[in-house]
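Take a look at the structure below.
Residue numbers (my numbering): 1 to 187.
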């Protein structure tokens, strides 16, 4: 039996891997653990689970909080509308998973915006390893059902950066049982 030829990752695979790396870095900065989901989790729209332990500054009574994360990455420059970044979430099943209110662990969508040119995604020197651009998060909990069968445009508030401060604020809110909800963009 002849050995199969190994194929390199596609650009989309690399984008996905960078989104996981970004999540791990941000979670680590906050002292949280990050576990990549398995096949069954992925079928439920969960790419990873982040767990943090309190006490949380300004937090509530919970001393351990979990957050399920769906990761996406794109090189398309976002369209900004009313202070929000428009993102086309493909797969209505994923959209429905993320908007579900009958789950015990909050879920968020994290979108990593990468430069259009793949050579600009990552740079490294003797002093630094840098992943370029930024990620934003949105909770779709409570979002309206979609009539579209293929994709749904969601609006991510520009102020919801997925960084250590943003994730720490999310943990604090969840520890107070303040679960983030989707805010529809006013027409």
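The C-beta atom is built at its ideal place from N, Cα and C for all residues, glycine as well.
I need the boundaries of the alpha helix (DSSP H) containing residue i, first residue and last residue.
i           : result
residue 24  : 11-30
residue 95  : 92-99
residue 175 : 164-175
Nearest to residue i by alpha carbon, out of the options?
i           : options             : result
residue 51  : 33, 59 and 38       : 33
residue 114 : 154, 95, 185 and 73 : 73
residue 71  : 148, 162 and 120    : 162
residue 87  : 97, 93 and 75       : 75
How far does the beta strand (DSSP E) with residue i in it reach, from first residue to last?
i           : result
residue 34  : 33-36
residue 151 : 151-157
Looking only at DSSP bridge pairs, what is residue i linked to?
i           : result
residue 130 : 123
residue 68  : 49 and 107
residue 138 : 109
residue 87  : 154
residue 79  : 86
residue 161 : 136
Can you list, in chain order, the residues of its chain with a C-beta nearer than 6 Å to that of residue i? Leave out the 5 residues immediately preceding and following it.
i           : result
residue 180 : 139
residue 68  : 46, 49, 105 and 107
Leaving aside the five residues before and after residue i along the sequence, list all residues of the same chain whose C-beta is less than 7 Å from its C-beta, in chain order.
i           : result
residue 203 : No answer is possible for residue 203: the residues shown for the chain start at 1 and end at 187.
Using a Cβ-Cβ cutoff of less than 8 Å, which residues in the same chain neighbour residue i once the five nearest sequence positions on both sides are dropped?
i          : result
residue 92 : 146, 148, 149, 150, 151 and 152
#### Entry: the stretch 77-85 contacting the stretch 117-125, beta-carbon criterion three pairs below 8 Å
Touching, no.
### Message
For the pair the stretch 98-111 and the stretch 51-61, tell me if three or more CB-CB distances fall below 8 Å.
### Response
As far as the Cβ criterion goes, the stretch 98-111 does not touch the stretch 51-61, which means the pair count is below three.
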